[in-house]
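One structure is given below, encoded as structure tokens.
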Amino acid sequence: RFQACVYFACVFQAMSCGIHYLASVFMAVTPNFVCGFPGNVSRVLFHNSSASSMEDIWTLWTSTENYIVVQLENGEIWELDQCSRSKREVSLDLAYGYEGNKSVFPCSDGFLYDDTKWKSTVVTQWDLVCDREWLAKLIQPTFMLGVLIGAVIFGDIADRLGRQRVIWFTSAGQFVFGIAVAFTFDYYSFVIVRFLLAMVSSGYLVVAFVYVTEFAGIKARTWASMHVHAFFAMGIMIVALVGFLVRTWWVYQIFLSIATLPFVLCCWMLPETPFWLLSEERYEDAQKVIDTMARWNKVSTPCKVSELCSVQQDDLASGRAGDNDTSSTKKHNILDLFCNWQIARRTITVWLIWFTGSLGYYVFSLSSVSLGGNEYLNLFLIGAVELPCYIIACLAMDKLGRRNTLIPFLILSALICVLIMFIPQDFNILIILANMAGKFSIGVAFGLIYLYTAELYPTIVRSLAVGSGSMMCRVGSVVAPFCVYLRSVWIFLPLVATVYFFQLLVGIMALLSGILTTMLPETLGKPLTNTLVEATEMGRNKKSCSEKTPPAHSGAALEKIEMFGQERVGSDK
279 RFQACVYFAC VFQAMSCGIH YLASVFMAVT PNFVCGFPGN VSRVLFHNSS
329 ASSMEDIWTL WTSTENYIVV QLENGEIWEL DQCSRSKREV SLDLAYGYEG
379 NKSVFPCSDG FLYDDTKWKS TVVTQWDLVC DREWLAKLIQ PTFMLGVLIG
429 AVIFGDIADR LGRQRVIWFT SAGQFVFGIA VAFTFDYYSF VIVRFLLAMV
479 SSGYLVVAFV YVTEFAGIKA RTWASMHVHA FFAMGIMIVA LVGFLVRTWW
529 VYQIFLSIAT LPFVLCCWML PETPFWLLSE ERYEDAQKVI DTMARWNKVS
579 TPCKVSELCS VQQDDLASGR AGDNDTSSTK KHNILDLFCN WQIARRTITV
629 WLIWFTGSLG YYVFSLSSVS LGGNEYLNLF LIGAVELPCY IIACLAMDKL
679 GRRNTLIPFL ILSALICVLI MFIPQDFNIL IILANMAGKF SIGVAFGLIY
729 LYTAELYPTI VRSLAVGSGS MMCRVGSVVA PFCVYLRSVW IFLPLVATVY
779 FFQLLVGIMA LLSGILTTML PETLGKPLTN TLVEATEMGR NKKSCSEKTP
829 PAHSGAALEK IEMFGQERVG SDK
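The sequence shown maps to residues 279 to 851 in my numbering.
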């Protein structure tokens, strides 16, 4: 019961990470717009349709290449484009077509926006269009850059100061910075506060994964760590729901920020993990946490820290006596991941899978609102499709193996991306279903790669391998928004002009990753390796490696390796 309460409290707050990661899809949307005009309008003309106000014309707007003709009360006639406006020299009659002389002016009177769907966004708030459009496109990449930096910083702080303090700070920071975003006074303050929000959100997600991993039992650890992703997906679903109900960006941001307020009010009750307390030699505090767990779980004879310490000391002594290899004291760096051809090929493949998984995850998520149909329903379904994918991933990786699960889902995601190329844009339902299938398949691969990475590398470089893979993952999350934006500027062959270029890019990388994965060894049911020599042999001779017993380490030490081999799972988001 104790572990269950701690687990569900932490993963409840993980929803806020999914909320803030995808909040910009509605907050930074660009509605239809044209240049403003100098004066009061008396009549508006769009092709053959006439109206007395701009609000009546927006429903007829079909293309950004169109322009609107307005007649002012003083008799002037203006042609309004998106980024320029023209004043007709001869204004005798109001007609859509005009062959006479025109004077072109910049949009010095601001812009007129279509507010029928969104009352206010950050784009309309600060006129992030035309020559300032690139500022709008930097909102999501700068947030993902904050995700990258925050995971590195808070992951290190959690090892130094403890998981409990970081969870307190980052969960409170998500609430404070989330509310502060809604009250920023200009674009630059908005980006800066969002950057800080990204750092604490990423920091919470990383440390929360470590926290629940250290409290979960060995049998439940795979399912427990995997389903933190499911609550992240539920956060995406909340974004779709709140976006549908609230159409003003700062009110929308406030509602998203208070969604997980209950956790902020009670997170101070969470204890520190016994693992970290033992690593800091705070044995009395560790014993208090263990006793609390025993009372909650109604265990009559809780374990004693003194007994655990004596076992550990015996294990360390026997390990030193039976091992004269100096590699255990050697400081390892990233070059050890390329120490020979076998390990180097494995590292390149793993890095590519991390990058592709993150890129595909965010490309499918961020692009869901522009697939046609109801954008709120699209994002909701893209989040909901993740829930069953993690269940299937857990079942498949324990039954079929890690590699045999990873390969088909990577190749399937590549085939789906190719299939999308041949679906006409008029078939909205088919496009949405294909994107959901793509998100499902890439989600399975994305969910299991962290554990597979930990099992592919020996103890001496395991954390380094997982950490470097996580960095590649975050690079993918920074690149993903730019891939989505390519859709608005990349137009070439007629066939491809109707498809999304970025999905083709994800498909090619997923196919390449799937092919390279066939050269990786299977790790299901095999002991964890401890040296680079053993890891290399696992790739060369699968049979001998599977029959090979682990080196002389105690059961407690090997169990500890298995426990901490999965700690950095949270960084993959």
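From the three backbone atoms N, C-alpha and C, an ideal C-beta is built for every residue, glycine too.
Quiz item: Could you give the C-beta distance for Q531 and G456, rounded to a whole number, given that I count them as a contact under 8 angstroms?
Solution: Yes, they are in contact, since the Cβ atoms of Q531 and G456 sit about 7 angstroms apart, within 8 angstroms.
Self-check item: Own chain, CB closer than 6 angstroms to V289, minus 5 neighbours either side, in chain order
Solution: Cβ neighbours of V289 beyond the five flanking positions: V506, F509.
Practice problem: Taking K365 as part of the beta strand (DSSP E), name the residues at either end of that continuous run. | Solution: Boundaries of the beta strand (DSSP E) harbouring K365: 363 to 366, taken from the DSSP string.
Quiz item: Considering only the beta carbon of each residue, do G721 and Y639 sit closer than 8 angstroms?
Solution: Yes, they are a contact pair.
Quiz item: Taking the runs of the alpha helix (DSSP H) that are 4 residues or longer, which of them lie wholly in the stretch 466 to 535?
Solution: You should have 496 to 504, 506 to 523, 527 to 535.
Self-check item: Distance, D405 Cα to M332 Cα
Solution: Distance between the alpha carbons of M332 and D405 is about 18 angstroms.
Quiz item: Cα separation between F616 and A788?
Solution: Distance between the alpha carbons of F616 and A788 is about 23 angstroms.
Exercise. Look at the alpha carbon of Q349 and the alpha carbon of G521, and state the distance between them as a whole number of angstroms.
Key: Distance between the alpha carbons of Q349 and G521: 36 angstroms.
Exercise. Could you spell out the range, first to last residue, of the alpha helix (DSSP H) harbouring E653?
Key: Note, E653: alpha helix (DSSP H), 653 to 662.
Quiz item: Which residue comes first and which comes last in the beta strand (DSSP E) that contains I355?
Solution: Residues 355 to 358.
Quiz item: Do the stretch 384 to 391 and the stretch 294 to 314 make contact, defined as three or more Cβ pairs closer than 8 angstroms?
Solution: With a cut-off of 8 angstroms, the stretch 294 to 314 and the stretch 384 to 391 count as touching, because enough Cβ pairs lie within range.
Practice problem: Mind listing, in chain order, the continuous alpha helix (DSSP H) runs of no fewer than 4 residues lying wholly within the stretch 782 to 816? | Solution: List check, alpha helix (DSSP H) in window: nothing returned.
Quiz prompt | Minimum C-alpha distance to F473 - residue among V425, W446, V542 | solution = Comparing alpha carbon positions, the residue from V425, W446, V542 closest to F473 is V425.
Practice problem: State the Cα-Cα distance for the pair K826 and P805, rounded to the nearest angstrom. | Solution: Low confidence applies here, because K826 scores a pLDDT of 40, under 50, leaving its location unreliable; read the following figure in that light. Computed Cα separation, rounded: 8 angstroms.
Quiz prompt | the stretch 746 to 758 touching the stretch 699 to 706, judged by at least three CB pairs closer than 8 angstroms | solution = Result no; under three Cβ-Cβ pairs closer than 8 angstroms.
Quiz item: Within 10 angstroms of its Cβ, does C283 collect 16 or more other Cβ (buried), or is it exposed?
Solution: C283 is exposed by the Cβ-count criterion.
Exercise. Using a threshold of 8 angstroms, state whether the C-beta atoms of L413 and D614 are closer than that.
Key: It is not a contact, given that the beta carbons lie outside the stated cut-off.
Exercise. Could you give the DSSP three-state label for Q703: helix, strand or coil?
Key: Coil, per DSSP.
Exercise. Tell me the start and end of each unbroken alpha helix (DSSP H) in the stretch 729 to 764 that is at least 4 residues and wholly inside, in chain order.
Key: The qualifying runs are 740 to 763.
Quiz item: Opposite I346 in the DSSP bridges: which residues?
Solution: In the DSSP output, where bridge partners are listed per residue, I346 has L358.
Quiz item: Is it a yes or a no for the stretch 680 to 689 touching the stretch 616 to 628, going by three-plus beta-carbon pairs under 8 angstroms?
Solution: Using a Cβ-Cβ distance cut-off of 8 angstroms, the stretch 680 to 689 and the stretch 616 to 628 are not in contact, since fewer than three pairs of beta carbons, one from each stretch, lie closer than that value.
Self-check item: Other residues of its chain near S398: CB distance less than 7 angstroms, five sequence neighbours each side excluded
Solution: If we look at S398 and ignore the five residues flanking it on each side, its Cβ neighbours are T526, W527.
Exercise. Go through its chain and collect everything with a Cβ distance to T551's Cβ below 7 angstroms, but skip five positions before and after it.
Key: Excluding sequence positions up to five before and after T551, its CB lies within less than 7 angstroms of the CB of R441, Y489, E492, F493, all in the same chain and listed in chain order.
Practice problem: Give the secondary structure of A329 by DSSP, where H, G and I count as helix, E and B as strand, and everything else as coil. | Solution: A329 sits in a strand when the DSSP states are folded into three classes.
Quiz item: How many Å lie between S467 and D676 at the Cα?
Solution: When rounded, the distance between both Cα atoms is 47 angstroms.
Quiz prompt | CB contact flag (F632, I727, <8 angstroms) | solution = The residue you asked about is not Phe; residue 632 is Trp in the sequence shown. With contacts defined as CB atoms closer than 8 angstroms, W632 and I727 qualify as a contacting pair.
Exercise. Check S691 in the structure and name its three-state DSSP category.
Key: Looking at S691 - three-state DSSP - the assignment turns out to be helix.
Quiz item: What does a CB cutoff of less than 6 angstroms around S327 pick up in its chain, not counting 5 residues either side in sequence?
Solution: Excluding residues within five positions, the ones whose Cβ falls inside 6 angstroms are L338.
Quiz item: How close, in whole Å, do the beta carbons of N713 and I660 come, if the pair is a contact with beta carbons under 8 angstroms?
Solution: Rounded, the Cβ-Cβ distance is 7 angstroms, consistent with contact.
Quiz item: What are the boundary residues of the alpha helix (DSSP H) that includes F280?
Solution: Bounds of the alpha helix (DSSP H) holding F280 are 280 to 300.
Quiz prompt | Environment of M797 [buried if 16+ CB atoms lie within 10 Å] | solution = Counting Cβ neighbours within 10 Å, M797 comes out exposed, since fewer than 16 surround it.
Quiz item: From V347, S636, T814, G513, pick the residue whose C-alpha is nearest to that of P736; which is it?
Solution: The closest CA to that of P736, considering only V347, S636, T814, G513, is found on T814.
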